[in-house]
Amino acid sequence: MQENIGFQLSRLPRLWRAVIDERLAPLGLTQTRWVTLYHLWRLGDGQPQCDLARAIGVEAPSLVRTLDQLSEQGLVERRPCDQDRRTKRVYLTAAATPLLERIDDVVREARNEMLAGLNEAEVTTLADLLSRIEDNGLALQARENEAHG
56 MQENIGFQLS RLPRLWRAVI DERLAPLGLT QTRWVTLYHL WRLGDGQPQC
106 DLARAIGVEA PSLVRTLDQL SEQGLVERRP CDQDRRTKRV YLTAAATPLL
156 ERIDDVVREA RNEMLAGLNE AEVTTLADLL SRIEDNGLAL QARENEAHG
């Protein structure tokens with residue numbers, strides 16, 4: 056049983072995103088674009104590009120391409136940072152708001168369906184357990200980096 060936990064943990068995010076991707080496809084959004092918009096919306100306007108890339112878990116050059124596409128769609132704009140002109144901050148445009156509300160509805164609906172059959176206490180326990188596993192993994196990673204760095 057325990058041998059399968061790692062495989063389950065690796066399969067679930069792909070499955071979760073596939074369900075949401077399929078539902079967002081009619082809006083003309085690729086996974087990369089909707090994930091970027093959604094993170095920016097959740098983190099708040101004016102995020103430095105490097106912070107946004109880190110939050111999403113992508114390399115900065117990959118994010119630049121996505122932001123170019125979103126900018127062409129009129130959904131985001133990049134402005135120089137007041138303190139450091141080399142840094143660009145990312146802002147959502149007014150055109151992004153209705154789209155983000157739709158994304159949020161789709162994500163919430165998919166989450167409810169994926170968590171069907173679990174009560175609130177079980178979902179809370181699941182979230183706590185996943186956080187503990189993530190914390191263990193981060194601590195392990197930090198120790199390994201110290202040992203090799």
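Residue numbers for the sequence shown follow my numbering, so the first one is 56 and each next one is one higher. All C-beta atoms in this analysis are idealised placements derived from N, C-alpha and C, irrespective of residue type, glycine included.
Minimum Cα-Cα distance from L79 among the listed residues V161, P68, Q128, I111 corresponds to V161.
Residue burial is scored here from C-beta neighbours: L147 has at least 16 other C-beta atoms within 10 angstroms and is therefore classed as buried. Per the DSSP secondary-structure output, E132 pairs in a beta bridge with Y146. By the beta-carbon neighbour count (other beta carbons within 10 angstroms, threshold 16), V131 is buried. Of the candidates D106, E156, G172, L195, E156 places its Cα closest to the Cα of W89. A direct Cα-to-Cα measurement between L95 and L122 gives close to 11 angstroms.
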